[in-house]
Every structure is written in C-alpha cells, then in structure tokens.
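In this text, residue positions in the sequence shown follow the numbering used here: the first is 5, and each later residue adds one.
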Amino acid sequence: MNSDTVINRDWWDEVTPVHEASAFYDVAGFLDGRNTLGTVERQAVGDVAGRKLLHLQCHFGLDTLSWARLGADVVGIDFSPAALATAQRLTTQCSLESRARFIEADVTTAGRLAGAPFDIVFTSLGVLVWISDLDGWAATIDANLADDGFFYILESHPLSMVFDESSPVPVVRYDYFQGTVPIQEPAGSPDYADPTYLIRSQARSFTWSLSDIFAALESRGLRVHEVREYPFGAWPQFPDMKEGEDGYWHRSADVPPLPLLLGFKARRQRSAGAG
5 MNSDTVINRD
15 WWDEVTPVHE
25 ASAFYDVAGF
35 LDGRNTLGTV
45 ERQAVGDVAG
55 RKLLHLQCHF
65 GLDTLSWARL
75 GADVVGIDFS
85 PAALATAQRL
95 TTQCSLESRA
105 RFIEADVTTA
115 GRLAGAPFDI
125 VFTSLGVLVW
135 ISDLDGWAAT
145 IDANLADDGF
155 FYILESHPLS
165 MVFDESSPVP
175 VVRYDYFQGT
185 VPIQEPAGSP
195 DYADPTYLIR
205 SQARSFTWSL
215 SDIFAALESR
225 GLRVHEVREY
235 PFGAWPQFPD
245 MKEGEDGYWH
255 RSADVPPLPL
265 LLGFKARRQR
275 SAGAG
C-alpha cells in the first residue's frame, strides 16, 4: 500500500463513525428498509436476483447491502478496517449474512478475490478521486469479472470535477489532466456528510480524465459502452443545487446544464469470429 493510500485509509477510518451517525447516510432509514441505490444505477445494472456482484470501494456497506436486498450475492471490498467493521455489524442487523460478505483490500492491488468470477463488478459515486493507480484498479476489475459479465460505474463526471465547488458560476479550479499528481487535502477540512465535523486527517485526491479512465479499462481488453451523461448529481456539488423528487440534485433552471454524472459499462472484447 503506497503512502497516499495509507493517508487516505486513515482519513476514511476517522470519518466512518461520523458518516454512520449522519443524516446524509440515514442509517436508521436504511435499517427500516430504505434502499440506498438510485434509479440510475438500478436501471443500468438491471435485475440482480441470483447474480454474483462485486462492489468496489463499498465504504460501510449500505449500497452493498441494498444490492443484497435486491437478491444479489454480494462481496464488498474496501481498504478501511473501521468501515468494514461497521458493514459487518449492519449485515448482522439486517440478517443478510447469507447474501453479503466483506473483504479488506486495496482496490488497486486486490487481485483475484475469493468468489471470483463475478457476473457484475460495480462501483459508484465519489470513488475515482481516491484512486492513485488506475491501471491497478482496472487490473482488479479484469481479474474478477466473468467472461460474460459486465463492469458498471456511476461517478461524478470528470469535467464537473475541475470547477470550484464553492461557486454557483463555473470557475475552473482544478487541472483536468492532473493524473497521477495528487491534490493535497489539508487537515481541518469539513466532512462532506457532516460539515460541522472538521477532519483531523489529511487526504490525497486525484483528478482523472475520461481518456485516462477509458484507456485503463481498454488496456485490459475491456470495451467501454453504454456511456451516459446526466445533468444532475448525487449530492449538492455546487451551492445552487437543490434536491429533486427523483432523489438527485439539480442546478438552477436558469443556468446552462453541466454534465454532473457519468455512467458506463465495460465488457470483455469478443474475439474476431465469435458468434
């Protein structure tokens, strides 16, 4: 585990109890039956009943367990011991031990996991900024994906990540082609789930372009397809955004729309002559 990953693991270990207690994650609502998956990812992935699903960067497991409630046999992986301990406890509380399990692993070095191959490899929302090695990330997807399965990601659109989050008018703040050079996130920043909590840990984040992401997957023989862009987000990324009845966050109607979410699938390239 490289130094940036160790720093980020400490960050996630610290914020996990804050997240569990936050209104943002609404654990009480989840325990009462709320499914945390949005309509976009549920429709894109489709029926998961009886299918094997690997959830990368699962945090403390709410989405993982939501897939299990929909009938999938799920494995969630994350590098935070604190998050996984919470996920295991919630699994027991929800009586989902037969459908969900968790593995502590760095997604860039995990390799082939017990239970592979999986019909679906899934990841979503706020994951790529924590990846220091896209090639390692793609290698883990490749190692665990069944030949006839697919990978699906729903994530903040890379273009939206270049803008200053504090400005309702788009102002470029970050380098779209930042790549492997980490952005230094200082200690004392407010937590996204509970802004009243100032995080003691530092963090390292990364900005990846569309070509970076697609190329990493294509280098493993995975063909990117069903690319979709959405003019709404999964959280209030900019100050003018308001939550809609669909559960997503929308910018004001009087401003030009921006691509805020990106979703796509990837499958193995079929060899020439395959039927």
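Every residue gets a Cβ at the ideal spot worked out from N, C-alpha and C, and that includes glycine.
In this structure Ala48 is in contact with Gly267, their Cβ atoms being roughly 6 Å apart against a cut-off of 8 Å. Counting the other CB atoms within 10 Å of its CB gives Leu66 a total of 16 or more, which places it among the buried residues.
Within the region 44-116, the runs of alpha helix (DSSP H) at least 4 residues long that lie entirely inside it are, in chain order, 66-73, 85-97. Listed as beta-bridge partners of His229 by DSSP are Lys269.
The beta carbon of Thr127 sits closer than 6 Å to the beta carbons of Leu60, Gln61, Ile157 from its chain, once the five residues preceding and following it are set aside; these are given in chain order. In the DSSP assignment, Thr40 falls outside any beta strand (DSSP E), carrying neither H nor E. DSSP places Phe242 in no beta strand (DSSP E); its state is neither H nor E. Its Cα nearest to that of Val22, the residue Tyr196 stands out among Gly130, Arg271, Trp253, Tyr196. Under the 8 Å Cβ criterion, the region 249-258 does not count as touching the region 130-143, having fewer than three qualifying pairs. By the Cβ test, the region 187-196 is in contact with the region 207-222, since at least three Cβ pairs between them sit closer than 8 Å. Bounds of the beta strand (DSSP E) holding Ser160 are 149-160. Beta-bridge pairing by DSSP links Glu189 to Ala207. A straight-line Cα-Cα distance of about 38 Å links Pro194 and Leu226. Between Met245 and Val228, the alpha-carbon positions lie close to 30 Å from each other. CA-to-CA, the gap between Pro243 and Ala27 works out to about 19 Å. Excluding sequence positions up to five before and after Asp110, its CB lies within less than 7 Å of the CB of Met5, Thr9, Phe83, all in the same chain and listed in chain order. Pro85 and Asp30 have their C-alpha atoms roughly 21 Å apart. Only exposed fits Gly33, as fewer than 16 other CB atoms lie within 10 angstroms of its CB. Close CB contacts of Ile107 within its chain, under the 7 Å cut and outside five residues either way in sequence, are with Val79, Ile81, Leu117 (chain order). Under the DSSP assignment, Phe126 falls in the beta strand (DSSP E) whose first and last residues are 122-128.
Of the candidates Asn12, Glu18, Leu214, Ser7, Glu18 places its Cα closest to the Cα of Leu202. In the structure shown, Phe28 falls within a coil segment according to DSSP collapsed to helix, strand and coil.
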